[in-house]
Amino acid sequence: MVARPSTVSPEAEPARVSRPPSSPAIVVTMLACCGIVVSLQQTLLLPLLPELPRLLDTSADSASWLVTATLLAGAVATPTISRLADMYGKRRMMVVALGAAVAGSLLGALSQALPLLIGARALQGVGVALIPVAIAIMRDELPRDRVPLGVALMSATLAIGAGIGLPLSGVIVEHMDWHASFWITGAVGLILIVGTVLVLPESPVRTSGAFDLRGAILLSIALTAVMLALSKGSQWGWTAPATLGCVAGGVVVLAAWIPLELRTPRPLVDLRVAARRSVVLVNLASLFLGFSMFANMLVTTQLLQMPKETGYGLGLDILHAGLWMVPNAAAFGLMAPVSAWLTRRVGPQTTVIAGAVIMGATYLGRVSYSDDLAQIVIGSVLVGIGTAMGYGALPTLIMRAVPVTETASANGLNVLLRSLGTSTASAATAAIATASTVAVAGRSLPSLDGLMLVFWLAAGAAMVTALLGVPMLRMREYAEAADRSGAENTTRAQIVQGQVLSLKGQPIRHAVVTVLTPDGRAVDWGQADAEGRFTAAVPEPADYLVVTAADGWRPRSRMMTLDSAGPVPPIVLRERLTLGGSILDANGQPVVDALVVLTRATGELVATVRTDHEGRYEVPRPANGRYVLTVAGPDEALGARTLSIWEEARDFDLILGTPLSDVSGVPQD
1 MVARPSTVSP EAEPARVSRP PSSPAIVVTM LACCGIVVSL QQTLLLPLLP
51 ELPRLLDTSA DSASWLVTAT LLAGAVATPT ISRLADMYGK RRMMVVALGA
101 AVAGSLLGAL SQALPLLIGA RALQGVGVAL IPVAIAIMRD ELPRDRVPLG
151 VALMSATLAI GAGIGLPLSG VIVEHMDWHA SFWITGAVGL ILIVGTVLVL
201 PESPVRTSGA FDLRGAILLS IALTAVMLAL SKGSQWGWTA PATLGCVAGG
251 VVVLAAWIPL ELRTPRPLVD LRVAARRSVV LVNLASLFLG FSMFANMLVT
301 TQLLQMPKET GYGLGLDILH AGLWMVPNAA AFGLMAPVSA WLTRRVGPQT
351 TVIAGAVIMG ATYLGRVSYS DDLAQIVIGS VLVGIGTAMG YGALPTLIMR
401 AVPVTETASA NGLNVLLRSL GTSTASAATA AIATASTVAV AGRSLPSLDG
451 LMLVFWLAAG AAMVTALLGV PMLRMREYAE AADRSGAENT TRAQIVQGQV
501 LSLKGQPIRH AVVTVLTPDG RAVDWGQADA EGRFTAAVPE PADYLVVTAA
551 DGWRPRSRMM TLDSAGPVPP IVLRERLTLG GSILDANGQP VVDALVVLTR
601 ATGELVATVR TDHEGRYEVP RPANGRYVLT VAGPDEALGA RTLSIWEEAR
651 DFDLILGTPL SDVSGVPQD
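For the sequence shown, UniProt numbering gives the first residue as 1, with consecutive numbering after it.
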């Protein structure tokens with residue numbers, strides 16, 4: 001089999017020839033504006049929720065679906081749009097996401113019926129998916145030294161949009177019809193679609209293969225079930241059959257989705273990449289940081305708006321409460337260049353840890369100091385400063401730990417987990433507010449103790465984030481050398497595809513192919529799919545050092561000329577590593593035709609073979625781990641031992657009739 005050649009997308013290349021590339025400042029500005037608008041769409045309607053039951057002549061429970069629909073659509077669309085962006089073009093999917101958001105705005109502006117408005121809000125939620133795509137565009141289009149600043153600004157747009165949305169919503173309530181919230185975002189969205197097409201270049205960095213439709217459907221079902229439980233659990237009841245059913249259903253579908261993704265040549269989410277220790281740590285940090293960030297917004301707005309009769313509320317209206325949240329959004333914008341500077345000087349890991357520590361310490365202080373307007377606003381701003389540092393550095397960590405061709409989908413998963421963190425914070429706050437209340441003028445309102453408990457939980461989440469950052473300091477994937485752009489500007493990046501085969505021409509699954517410059521600098525890496533095919537990005541046609549490794553095979557390194565314009569010769573791994581040994585009886589004589597069974601320590605069967613005329617056995621070397629070797633001789637004599645396999649190849653002998661022993665020879669029960 002011959003590796004398939006890859007060429008730059010024909011749609012993208014003419015655009016590069018027909019107009020000069022946009023400046024980095026224009027690219028960052030356009031992408032940041034897109035992020036602010038989609039974030040604005042998420043929050044602009046939130047302050048209007050108390051009035052919507054009256055305006056729409058419906059119940060509060062029904063009106064809350066206007067928020068739930070946005071959360072669900074955003075969660076479902078993010079991994080799908082991100083993978084499509086890696087496959088079919090990032091600018092193209094930016095336009096698709098913006099188009100869906102604009103369509104939702106126009107539908108909402110012209111609708112009065114609740115079902116249509118729910119559909120409009122769902123379409124607006126699709127716009128959130130452009131955040132990870134925009135971050136991936138920055139990696140492709142910006143010079144290396146500009147990427148941290150662009151990423152930090154893009155991450156800050158989530159808070160900036162929310163900060164603008166709260167006071168703007170107050171202005172709409174005071175002076176306009178509530179449909180204006182849809183008209184405004186729709187009009188700005190149309191302008192941004194035109195700007196995206198005219199300003200942003202289409203990246204040539206693409207992955208190949210067919211879209212994983214089955215994986216997308218199953219993941220969408222699972223995410224919908226989980227997000228429904230998180231967003232509606234406080235209304236349905238956390239132990240209600242509907243809530244528990246959604247959780248159970250989501251878990252069952254995920255259990256079916258995982259093995260499907262592992263078998264799919266080009267999965268929606270590459271779980272083997274996502275399971276790398278470096279990626280797992282960053283994604284977990286995003287989950288906890290999302291929880292800690294959103295708790296700030298939820299509790300601060302309640303402290304500002306709760307009636308003074310509660311003993312802690314300031315009794316502000318929507319407009320003034322929103323205005324006092326602006327400093328928090330401003331902190332995000334102002335801290336973006338600081339976060340980028342810290343990322344370049346001390347590394348993204350240290351930046352995340354420092355931001356998380358600031359957040360945790362501030363929350364602990366806010367438990368005792370949330371008595372007046374100054375304390376509330378200062379505390380909110382300090383948490384925002386720490387969040388901006390963490391949010392600005394996390395995408396950089398992800399991009400340094402995954403292949404260039406997986407940038408959008410990896411960031412999509414990261415943003416999705418961040419959204420799950422914010423949804424969990426919302427659910428936890430709602431549950432605590434319901435369980436701990438005070439009676440004011442015949443109304444049941446959250447108690448101060450309940451809100452302070454949320455601060456305690458947010459502080460704990462921030463400290464967990466800081467602890468997750470500690471092992472990141474030792475991980476080579478996060479070193480500066482792992483910033484695999486390979487050039488000052490990655491707009492020239494070209495995609496090469498190849499295949500890893502055995503001497504018999506059989507594809508070798510899950511081989512890892514690392515591409516380096518001749519002097520040893522990292523460029524990119526890729527993981528072979530079920531057909532042995534891999535994809536990597538190189539800055540320009542040249543000779544590269546290609547290192548190929550796969551479990552059970554002797555690794556191979558070779559200099560190769562990589563160029564997307566021509567076919568890449570298959571990489572052939574020549575030597576299959578084996579696990580073997582001799583089976584002897586109690587007298588030291590070889591046991592012929594004995595049954596040898598190798599199982600994992602967890603019980604799964606790995607291989608079955610019989611000994612030859614010299615009492616020897618040989619099986620393909622399994623992956624690293626702990627195993628059990630069991631032997632049954634012709635005279636029904638039995639023997640077993642545990643094996644720890646961490647090396648290329650090794651003989652493991654066994655004498656029948658002796659006690660069980662491990663590799664070191666220590667007898668075991």
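All C-beta atoms in this analysis are idealised placements derived from N, C-alpha and C, irrespective of residue type, glycine included.
Does DSSP put Gln506 in a helix, in a strand, or in coil? Three-state result, Gln506: coil.
Leaving out the 5 sequence neighbours to the left and right, which residues in its chain are closer than 7 Å to Ala222 when beta-carbon positions are compared? Gly250, Val253, Leu254, Trp257
Quick check on the DSSP output: the beta strand (DSSP E) that includes Ser644 runs from which residue to which? Run containing Ser644: 638-645, per the beta strand (DSSP E) assignment.
Could you have a look at Arg521 and say whether DSSP puts it in helix, strand or coil? In the structure shown, Arg521 sits in coil (DSSP, three-state: anything other than H, G, I, E or B).
Helix, strand or coil: which one does DSSP assign to Ala594? coil
Let me know if Ala165 comes out buried or exposed under the rule of 16 or more other beta-carbons within 10 Å of its beta-carbon. Note on residue identity: the sequence assigns Gly, not Ala, to residue 165. Counting Cβ neighbours within 10 Å, Gly165 comes out buried, since at least 16 surround it.
To the nearest angstrom, how far is the alpha carbon of Ile81 from that of Ala542? 32 Å
Proximity of Ala601 and Tyr627 at Cβ, strictly below 9 Å: yes
Beta carbon of Leu573, beta carbon of Val619: below 9 Å? no
Rounded to the nearest angstrom, how far is the Cβ of Trp65 from that of Ile26, given a contact under 8 Å? Contact doesn't hold; Cβ gap of about 39 Å is too wide.
Ser220: which of Leu413, His613, Leu451, Leu584 sits nearest, CA to CA? Across the set Leu413, His613, Leu451, Leu584, the C-alpha of Leu413 shows the shortest separation from the C-alpha of Ser220.
Give the straight-line distance between the Cα atoms of Ser502 and Leu416, rounded to the nearest whole angstrom. 38 Å
Are Gly290 and Ala428 close, meaning C-beta to C-beta below 9 Å? no
Considering only their Cβ atoms, is the gap separating Gln527 from Val512 smaller than 9 Å? yes
Which residue wins for smallest C-alpha separation from Leu323, given the options Ile645, Ala77, Asp61, Pro167? Ranking the options by Cα distance to Leu323, first place goes to Pro167.
For a test of the three-state rule: what should DSSP assign to Pro143, helix, strand or coil? In the three-state reduction of the DSSP assignment, Pro143 falls in the strand class.
With a threshold of 16 other CB atoms inside 10 Å of the CB of Gly89, please say whether the residue is buried or exposed. buried
Rounded straight-line distance, which links the Cα of Gly189 to that of Val126: 13 Å
Could you compute how far the alpha carbon of Ser582 sits from the alpha carbon of Glu261? 39 Å
Let me check understanding here. Comparing Cα to Cα, which of Arg443, Thr343, Asn296 lies closest to Glu309? Put simply, of Arg443, Thr343, Asn296 the residue whose alpha carbon is nearest the alpha carbon of Glu309 is Arg443.
Unbroken stretches of the beta strand (DSSP E), 3 residues or longer, contained in the region 385-437: Annotation note: the region 385-437 contains no uninterrupted beta strand (DSSP E) run of length 3 or greater.
Mind checking whether Pro590 and Glu614 have CB atoms under 9 Å apart? yes
Determine, using beta carbons only, whether Ser231 and Leu44 come nearer to each other than 9 Å. no
On the three-state DSSP scale, how would you describe Gln42? helix
If you drop the 5 nearest sequence neighbours on each side, which residues of the same chain put their C-beta closer than 6 Å to that of Ala536? Cβ-Cβ distances below 6 Å link Ala536 to Val496, Val515, Asp524, Gly526 in the same chain, with the five nearest sequence neighbours on each side left out; the list follows chain order.
At which residues does the alpha helix (DSSP H) containing Phe534 begin and terminate? DSSP places Phe534 outside any alpha helix (DSSP H); the residue lies instead in the beta strand (DSSP E), whose first and last residues are 533-538.
Could you please give me the residues that DSSP links to Thr561 through a beta bridge? Paired residues: Asp543.
So, helix, strand or coil for Leu501, using DSSP? The answer is strand: DSSP assigns Leu501 an E or B state.
Local Cβ density within 10 Å of Val631, reported as buried at 16 or more and exposed below that: buried
Tell me the DSSP secondary structure of Ser9 in three-state form. Only weak support is given to the placement of Ser9: the predicted model assigns it a pLDDT of 39, under 50, and the value that follows is read from those uncertain coordinates. DSSP places Ser9 in coil when its eight states are reduced to three.
Three-state secondary structure assigned by DSSP to Ala101: helix
Validate contact between the region 445-453 and the region 327-346 using beta carbons, cut 8 Å, 3 pairs: No, the region 445-453 does not touch the region 327-346.
For Ile571 and Ala85, I'd like the C-alpha separation in whole angstroms. Spanning the two alpha carbons is a distance of roughly 28 Å.
Check the C-beta distance from Ala458 over to Ala329 and give it rounded, since I have them as a contact under 8 Å. Actually they do not touch by this definition, with Cβ atoms about 18 Å apart.
Residues in the same chain with beta-carbon distance under 7 Å from Ala549, minus the five sequence neighbours each way, listed in chain order, please. Ala511, Val512, Pro555
Can you tell me the Cβ-Cβ gap for Ala401 and Val282, rounded? I've got them flagged as a contact below 8 Å. 7 Å
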